[in-house]
């Protein structure tokens, strides 16, 4: 299957996912606001906010149309700006806040007051701070002259464009020029077999942020599960059933998010991380678009 055929398939998949995201999130907001009487207060606001964030992220995805291309030891991420990456970090942070809130509802109800009223603004700042950290990591990946030289022939060969004329961020954590050496690289030989510290910092920031946020989700999820399974006898059967439904809905929410969003970034973080430990990472090359069912291997 050719590169353009794969790209066409991925475009159609992206459009279908976008339409589905807008439809189901709009339906969720409508049902939550007008037809659900058992979800009130802070949690209702959280559900509506998360749905709006999902629609915003999906819209930015369909407009920006991000593309990732891997060439030897470099992962080039084509996107128009920081806002798209900021939204990804915001959604991660907000997902963790939802888990914290539900854990407090079940285990420490006296802590719920820290999510009500003006306290909710503090958690909003927390989520946007998470987005700011993620965007800062992306900004560190802004290509340097070394990166432009490394990618220019590859971009011209595959896409027929000058790498300096496209918006991209690039992870080039480690380079050994023995695999790509030619006369054009002689002026940067001094950089051979060296770590690119900006890229290293980017990877460390991404991995640390993801680890912290998902650790919060896991810990709070375990607390909720144990509370539902072991200590719900003090509540009425109707309340117990409602809390189980909330728990299952939250699991579906995080599962869909990881499946449809994190898969794309995970496929770039994992090979990027390997560059830090594999001095022969320059042997490998592949390119693919996000939301794609196949790939075009060179």
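In full-length UniProt numbering, the protein residues as written are 1 to 298.
Even glycine gets a Cβ: it sits at the ideal position worked out from N, Cα and C.
Here the structure is a predicted model, which is why all the values come from computation and not from measurement.
| Asked | Found |
| --- | --- |
| Taking the alpha-carbon of residue 45 as reference, which of 225, 116, 147, 163 has the nearest alpha-carbon? | 116 |
| Could you tell me which residues DSSP pairs with residue 20 in its beta bridges? | In the DSSP output, where bridge partners are listed per residue, residue 20 has none listed. |
| Do you know how far the Cα of residue 164 is from the Cα of residue 246? | 49 Å |
| With a CB to CB cut of under 7 Å and the five nearest residues on each side skipped, what residues in its chain are close to residue 301? | Since the first residue of the chain shown is 1 and the last is 298, residue 301 is not available in this structure. |
| List the endpoints of the continuous alpha helix (DSSP H) containing residue 50. | 41–64 |
| Who are the near neighbours of residue 21 in its chain, counting only those whose CB is closer than 7 Å to its CB and skipping five residues on each side? | 54, 55, 58 |
| Determine the burial state of residue 250: buried for a count of at least 16 other Cβ atoms within 10 Å of its Cβ, exposed for fewer. | buried |
| Along the chain, where does the alpha helix (DSSP H) containing residue 69 start, and where does it finish? | Element bounds for residue 69: not the alpha helix (DSSP H) but the beta strand (DSSP E), 67–71. |
| Would you kindly work out how many angstroms separate the C-alpha atoms of residue 204 and residue 144, rounded to a whole number? | 19 Å |
| Measuring CB to CB, does residue 29 end up less than 8 Å from residue 48? | yes |
| Classify residue 92: buried if its beta carbon has 16 or more other beta carbons within 10 angstroms, exposed otherwise. | buried |
| For the stretch 101–112 against the stretch 66–78, do three or more pairs of beta-carbon atoms, one drawn from each stretch, fall closer than 8 Å, so that the two count as touching? | no |
| For my contact list, residue 166 and residue 78 are in at a C-beta cut-off of 8 Å; report their separation, rounded to the angstrom. | 6 Å |
| On the three-state DSSP scale, how would you describe residue 75? | strand |
| Closer than 7 Å by C-beta to residue 11: which residues in its own chain qualify, once you throw out the five before and the five after it? Chain order, please. | none |
| Assuming the contact rule is C-beta atoms closer than 8 Å, residue 169 and residue 146 should be a hit. Round their C-beta distance to whole Å, please. | That pair is no contact at about 14 Å. |
| If residue 132 sits next to residue 202, beta carbons under 8 Å apart, how far is it from one beta carbon to the other, in whole angstroms? | Contact flag wrong, Cβ pair sits at about 14 Å. |
| Note down, in chain order, each residue of its chain lying with its Cβ closer than 7 Å to the Cβ of residue 39, except the 5 sequence neighbours on either side. | 32, 47 |
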